[in-house]
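First comes the structure, then the notes that go with it.
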């Protein structure tokens, strides 16, 4: 194992690269200095800053696999229900070894994507680019499914979710970790222990722990000195962080409900000069744009949890911003992960979803202090979705003879397409925005873990829509911010069966007011 992983990593040891720039290659700092953008970019995000460490990456990934093995076999009674083969030889010679599993959704989408994300992040932090880090997540998943879980089926869904979900989450956390550790030694003040320095140190030892530890071991050269942002970190990154708490009212026909909601949103861009006055363009392959969103809530209206990661892995960015109307564009290949578990009035949604590599495009328009943003994405998705129509089927006909995931947990594995369009306008202290998301999914009717036991086959489709409009107030010079949002969730579920079709359609409207911090 210690030799296999370094060899796999070596297949693609190419950190991000930057390409030649034209003479229009500059941006203007807040102090009015004209800076060559490619110099700053190469110093902070070029291929020379971090060198691949094959040995340490192999050791760390091997140790992670041993930890996973120990966790799995610490309480084997929790997994015995999934044991399908008497021994490893029976597994590797069976034509039924490759199947979809029927584990809990949180196991498949939270735990497995976390494991894949850790393998990805450890490789990435050891100086490797996106491709070898993804290859390591794939290899670890294959080893785990094939060898370490030697009595279980080789799970098709785990082979998808672990590397692709791990890449989306791992790349996002990698970028956040780099940013929170970007305080430059040359500009550090002699006085430590202030609120700002303590916060930066805490962030570096939590969100940025892998980068912090590896930098202490490697002592990489300090990059090109740049200005500090409001948090005392490098302006080679642009960022928007929001933490808010508020009240939400729910409406579903005549039903009403309320919830206390908490929301966290982090967006970060590794693009020096982003939306600053200046003109430059470049290809990037360093996961330069990423975001994570978390929403939790509870009350008499129900309870909700929603977490999503989105990373722009590689693409092209260009901007031309002067005294008149300025523009910036980004076109990228992105990857995403989402897990939702919510019961809001009559709406019950529980699903996990991986947005497989897909295109995303964004346009920014800037005139003075007014900034407009318009963007869209379209992605192929692998999803596992709890079926509301199956619940109606089960109430009338029982669960015997249906697929394993439906019998045990009420969900089905699916493929589908989703799309999102979003727009916002910022002027002064005010931001208004709107977004629309829609996805349609069809169940995969073969390769169930217990396919041969299915006597009552079903086929389902799920359509999910989310619409929202928001108003944000962010007074300049103050970290306090407020958000007001109106949103609507729609879920249309259809199931074809031997007993006829079953339908379920729900719609919930939400109004929320939140207060918190933006920094």
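Numbering (the numbering used here), first residue to last: 8 to 526.
Cβ atoms here follow ideal geometry from the backbone N, Cα and C, with glycine treated the same way.
| Asked | Found |
| --- | --- |
| Please look up how many angstroms separate the CB atoms of residue 164 and residue 356, rounded, as I've assumed it's under 8 Å. | At roughly 19 Å, the Cβ-Cβ gap does not stay under 8 Å, so residue 164 and residue 356 are not in contact. |
| Measuring alpha carbon to alpha carbon, tell me which of 314, 513 and 297 ends up nearest residue 303. | 314 |
| Cutting at 6 Å between CB atoms, please list the residues of its own chain near residue 512, excluding the five before and the five after it. | 499 |
| I'd like the list of long-range same chain contacts for residue 159, defined as Cβ closer than 7 Å, with 5 residues on each side in sequence excluded. | 89, 90 and 91 |
| Assuming residue 364 and residue 340 make a contact with CB atoms under 8 Å, what is their CB distance in whole Å? | 6 Å |
| According to DSSP, is residue 28 helix, strand or coil? | For residue 28, the predicted model reports a pLDDT of 43, less than 50, meaning its position is unreliable; a value from the coordinates is still stated below. Residue 28 falls in the coil class under three-state DSSP. |
| According to DSSP, is residue 228 helix, strand or coil? | coil |
| Using the beta-carbon count (16 or more within 10 Å), is residue 330 buried or exposed? | exposed |
| Suppose the cutoff is 6 Å on Cβ atoms and the five residues either side in sequence are ignored; what does the same chain contact list for residue 508 look like? | none |
| Tell me where the alpha helix (DSSP H) around residue 44 begins and ends. | 44 to 52 |
| Using the beta-carbon count (16 or more within 10 Å), is residue 279 buried or exposed? | buried |
| Does the Cβ of residue 77 have 16 or more other Cβ atoms within 10 Å, making it buried, or fewer, making it exposed? | exposed |
| Among 336, 216 and 418, whose alpha-carbon lies nearest the alpha-carbon of residue 290? | 336 |
| Where does residue 157 sit, in a helix, a strand or coil, going by DSSP? | coil |
| Can you say whether residue 141 is buried or exposed, counting buried as having 16 or more other CB atoms within 10 angstroms of its CB? | buried |
| Between which two residues does the beta strand (DSSP E) containing residue 361 stretch? | 354 to 374 |
| Taking the straight line between their C-alpha atoms, what separation do you get for residue 320 and residue 342? | 7 Å |
| Between which two residues does the alpha helix (DSSP H) harbouring residue 145 extend? | 137 to 150 |
| Taking residue 244 as part of the alpha helix (DSSP H), name the residues at either end of that continuous run. | That residue, residue 244, is in no alpha helix (DSSP H); it is neither H nor E in DSSP. |
| For the candidate residues 427, 387 and 518, whose alpha-carbon lies nearest to that of residue 167? | 387 |
| To which residues does DSSP link residue 327 through a beta bridge? | 286 and 334 |
| Taking C-beta to C-beta, are residue 417 and residue 462 nearer than 7 Å? | no |
| Any heavy atom of the ligand ATP inside 6 Å of the beta-carbon of residue 458? | As for the ligand ATP, it is missing from this structure, which has no ligand bound. |
| Based on DSSP bridge pairs, tell me the residues matched to residue 314. | 301 and 346 |
| From what residue to what residue does the beta strand (DSSP E) around residue 499 run? | 487 to 503 |
| Determine which residues share a DSSP beta bridge with residue 445 and list them. | 426 and 472 |
| Quick one: what does DSSP say residue 457 is sitting in, helix, strand or coil? | coil |
| Which stretch, first to last residue, makes up the beta strand (DSSP E) that contains residue 33? | 33 to 35 |
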